[in-house]
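Just so we're aligned: 230 in the working numbering is position 227 of the sequence shown, and the numbers increase by one with no gaps anywhere.
Take a look at the structure set out below.
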Amino acid sequence: MSLLEINELTIRYADTPEPVVKGLTLAVERGESIGIVGESGSGKTQSAMAIMGLLPANAQVSGTVHFDGTELTGAADHVLNQYRACRIAMVFQDPRTALNPYVRIGKQLRRILLEHKICGRAEANVRTLDMLNKVGLSDPERQFRAFPHELSGGMRQRVMIGAALIGEPDLLVADEPTTALDVTVQAQILSLVRRLHAETNSALLLITHDLGVVAGNCERVVVMDRGRLVEEGMTRGVFRDPASEKTRALLLAAPHIDSIVMSEPVSADTGPVLEIEDIAVSFKERRSKGGRSLHAVKPMSFSLQERETVAVVGESGSGKTSLARAILGLLPADGGQVCFLGKTLPAHIGARKNTVRRNLQMVFQDPLASLNPAMSVREIVMEPLRIHERGKKKAGLNNDVAVMLASVGLDPGLAGRYPHELSGGQAQRVAIARSLILKPKVLICDEAVAALDGTVQLEILKLLLAEQERSGLSLVFITHDLAVVRQISHRVLVMYMGRLCEIAKNESLFTRPRHPYAKALLSSVPVLDPDARPVDLPLAGEASSMLSPPTGCLFHPRCQHAVAACSESVPELIDCDGSLVACHRAAELDLGY
Ligand code: SF4
4 MSLLEINELT IRYADTPEPV VKGLTLAVER GESIGIVGES GSGKTQSAMA IMGLLPANAQ
64 VSGTVHFDGT ELTGAADHVL NQYRACRIAM VFQDPRTALN PYVRIGKQLR RILLEHKICG
124 RAEANVRTLD MLNKVGLSDP ERQFRAFPHE LSGGMRQRVM IGAALIGEPD LLVADEPTTA
184 LDVTVQAQIL SLVRRLHAET NSALLLITHD LGVVAGNCER VVVMDRGRLV EEGMTRGVFR
244 DPASEKTRAL LLAAPHIDSI VMSEPVSADT GPVLEIEDIA VSFKERRSKG GRSLHAVKPM
304 SFSLQERETV AVVGESGSGK TSLARAILGL LPADGGQVCF LGKTLPAHIG ARKNTVRRNL
364 QMVFQDPLAS LNPAMSVREI VMEPLRIHER GKKKAGLNND VAVMLASVGL DPGLAGRYPH
424 ELSGGQAQRV AIARSLILKP KVLICDEAVA ALDGTVQLEI LKLLLAEQER SGLSLVFITH
484 DLAVVRQISH RVLVMYMGRL CEIAKNESLF TRPRHPYAKA LLSSVPVLDP DARPVDLPLA
544 GEASSMLSPP TGCLFHPRCQ HAVAACSESV PELIDCDGSL VACHRAAELD LGY
């Protein structure tokens with residue numbers, strides 16, 4: 004008998020016309036690792052919730068879920084509680100909502116051992132500390148006493164994995180465990196899951212939309228589409244020779260760093276549209292008596308040509324978004340200047356001329372949060388025209404909106420809808436239509452495709468590149484996703500703790516990174532090849548606090564190539580075969596890729 008046997012599982016809700024899971028049949032053996040992939044709405048998470056007995060009360064469930072011979076569908080809570088957390092455990096996507104904010108970390112983990120009578124109090128403390136240590140927390144004794152909000156996102160996710168594994172479950176269900184994390188933290192968490200899975204011989208069910216994550220971590224893969232299992236098999240075989248249309252489409256849409264570069268190089272004779280000179284941003288710490296400053300962006304300079312895409316990459320907190328906001332005049336810069344078509348701009352957006360404001364536009368990560376919920380799609384897209392092209396007749400405005408909606412691939416019939424009636428991909432297209440309707444010269448995209456499925460992401464990227472080709476649009480593309488960077492950028496800026504580490508052409512960065520941090524970022528990206536062994540821990544630990552940054556090179560506490568000079572002096576950007584690199588050892592290191 005298999006450890007888990009799902010038979011003809013169907014889940015429906017009264018308010019949806021179709022079942023969200025239709026006739027799912029799947030067996031999971033002990034020690035096996037299975038990836039469940041599919042787009043949003045394919046039924047992955049609903050299936051996991053059914054295994055855990057966590058579906059809402061209005062779910063209508065048919066079929067069976069047997070775990071080690073016991074039927075779980077329809078089982079009473081006291082029966083399910085014997086299995087949850089100790090024999091079947093789950094890691095959720097967002098640890099902020101899965102951890103109790105009022106209970107200290109140590110107590111939350113210890114409670115699992117005590118409630119399931121796995122051991123007594125004294126041993127529970129020891130085992131909890133041991134688990135916090137195993138999941139790689141830097142100071143387990145301190146983190147044992149901490150509340151969830153005192154930990155970073157990566158640390159909270161480690162705690163979630165510790166909580167899932169502390170009862171030594173036979174089956175670990177991990178639902179998008181790394182989707183919200185930086186690529187470096189993702190690599191650390193996946194390495195941890197692989198190690199613990201191998202040590203405990205537990206079965207692993209990894210739910211993700213990222214096929215690269217499955218390629219490096221799962222022996223078997225299950226592909227779901229609109230509630231149905233459409234393909235199942237060994238990961239290597241399915242990835243090499245997919246049988247279903249859906250799998251083929253997912254594999255084609257999955258961005259990876261060996262992707263074909265979609266952007267053609269810009270011609271060299273175009274002048275800079277935007278020049279950023281020594282721009283810097285800092286914040287005062289509110290609670291600090293001495294008025295300590297947090298330097299979000301240290302003085303940095305770069306330029307953007309017409310029809311060029313410059314990607315800005317780095318982990319959370321590296322200063323990417325502060326840089327974008329300072330360029331747009333939404334955040335006061337400490338110093339430096341922004342020049343647009345050769346003219347220096349006032350620092351604050353309110354002091355900039357309308358012609359400048361209409362030419363510098365931005366698209367934000369969360370389209371639903373950036374669209375006014377009380378306005379229809381038509382009103383949202385039309386609003387910039389009303390502000391900047393006063394006097395234009397209503398028929399003309401309506402026509403412009405219809406043309407714009409069509410050019411971003413939206414049915415003009417959607418114009419009467421409101422943001423909550425749109426899918427994530429449609430809402431992001433509306434946000435892009437709004438930012439493009441004034442035909443800007445520069446568009447800054449801040450994690451504009453991060454929340455979207457691979458196929459929708461690809462459509463949005465193609466849309467932006469088509470617009471660039473058509474109108475000469477210049478793009479600043481802020482992202483932590485290097486696979487996307489590989490596909491669309493001409494040049495890449497790598498930032499670490501507010502400082503520029505490397506500025507390089509796309510091809511140079513991806514074939515020969517010069518800065519150890521750039522190399523670590525590249526090594527952390529999951530590869531879409533089941534035969535490629537994932538690199539274990541390309542970058543350990545987390546960035547230092549911005550309030551007490553290290554001396555010298557900010558990266559030196561995490562750099563495996565650091566020497567004494569690295570903690571003594573700040574490296575300047577120097578030219579290395581056409582790339583600008585801030586590393587004392589850039590000329591001698593051969594980091595290859
Ligand atoms: Fe590493 Fe030193 Fe280079 Fe910094 S300057 S990246 S610590 S080798």
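In this text, a Cβ means the ideal position worked out from N, Cα and C, and glycines have one as well.
Exercise for the section: Report yes if the C-beta of A521 is less than 6 Å from at least one heavy atom of ligand 2; otherwise report no. Expected result: What this structure holds is ligand 1, not ligand 2.
Problem - Straight-line Cα distance separating I9 from H69 - result: 6 Å
Practice task
Just the C-alpha distance for M549 and R360, rounded to the nearest angstrom, thanks.
Solution key: 31 Å
Practice task
Please say whether P541 and R239 have beta carbons closer to each other than 7 Å?
Solution key: no
Problem - Simplified DSSP assignment, three categories, for G219 - result: helix
Problem - Chain-ordered list of residues that sit, by beta carbon, closer than 5 Å to a heavy atom of ligand 1 - result: P519, C556, F558, H559, C562, H564, A565, C569, P574, C586, H587, R588
Problem - C-alpha gap between L594 and E392, whole angstroms - result: 52 Å
Exercise for the section: Kindly indicate which three-state DSSP category F150 falls into: helix, strand or coil? Expected result: coil
Exercise for the section: Could you tell me whether the region 242 to 256 touches the region 54 to 71, using the rule of 3 or more Cβ pairs below 8 Å? Expected result: no
Exercise for the section: Identify which residue in T13, S306, L333 has its Cα closest to the Cα of A507. Expected result: S306
Problem - Between the CA atoms of R295 and L174 - distance to the nearest angstrom - result: 48 Å
Practice task
Can you tell me the Cβ-Cβ gap for P516 and K522, rounded? I've got them flagged as a contact below 8 Å.
Solution key: 4 Å
Practice task
Using alpha carbons as the reference points, say which of R432, C89, G457 lies closest to K249.
Solution key: G457
Practice task
Please state whether DSSP places M365 in a helix, a strand or coil.
Solution key: strand
Exercise for the section: Measure the CB-CB distance between F343 and L277 and report whether it falls below 7 Å. Expected result: yes
Practice task
Determine the direct distance from the alpha carbon of L112 to that of E462, and round the result to whole angstroms.
Solution key: 43 Å
Practice task
Determine the burial state of Y520: buried for a count of at least 16 other Cβ atoms within 10 Å of its Cβ, exposed for fewer.
Solution key: buried
Exercise for the section: Compute the Euclidean distance between the alpha carbons of K301 and H483, then round it to the nearest angstrom. Expected result: 19 Å
Problem - P560 and S551 closer than 7 Å at C-beta - result: no
Problem - Proximity below 7 Å, CB of E510 to CB of V584 - result: no
Exercise for the section: Report the rounded CA-to-CA distance for V497 versus V452, giving the unit in angstroms. Expected result: 19 Å
Problem - CA nearest to the CA of S572, picked from C562, Q563, H564, L557 - result: L557
Exercise for the section: Could you spell out where the alpha helix (DSSP H) holding L326 opens and where it closes? Expected result: 323 to 331
Handout entry: Cα-Cα separation between L334 and A567, rounded to whole angstroms
Key = 37 Å
Exercise for the section: Could you pull the start and end residues of the alpha helix (DSSP H) that T67 belongs to? Expected result: Element bounds for T67: not the alpha helix (DSSP H) but the beta strand (DSSP E), 63 to 70.
Handout entry: S65 to E11 span [Cα, whole Å]
Key = 8 Å
Exercise for the section: Tell me whether the beta-carbon of A436 lies closer than 7 Å to the beta-carbon of V411. Expected result: yes
Exercise for the section: Assign A590 to one of three DSSP states: helix, strand, or coil. Expected result: coil
Problem - Close-in-space but distant-in-sequence residues of the same chain around L168 (CB under 6 Å, 5 per side omitted) - result: L199
Problem - Boundaries (first-last residue) of the beta strand (DSSP E) holding I14 - result: 7 to 15
Problem - Residue from L512, D142, H564, S570 with nearest C-alpha to I260 - result: L512
Exercise for the section: Assuming V487 and L464 form a contact by the criterion Cβ under 8 Å, report the distance between their Cβ atoms to the nearest whole angstrom. Expected result: 7 Å
Handout entry: Span of the alpha helix (DSSP H), counted from its first residue to its last, around D80
Key = 80 to 86
Handout entry: Reduced DSSP category for R145 - H, G, I as helix; E, B as strand; rest coil
Key = helix
Problem - C-alpha distance - S438 paired with Q364, whole-angstrom precision - result: 6 Å
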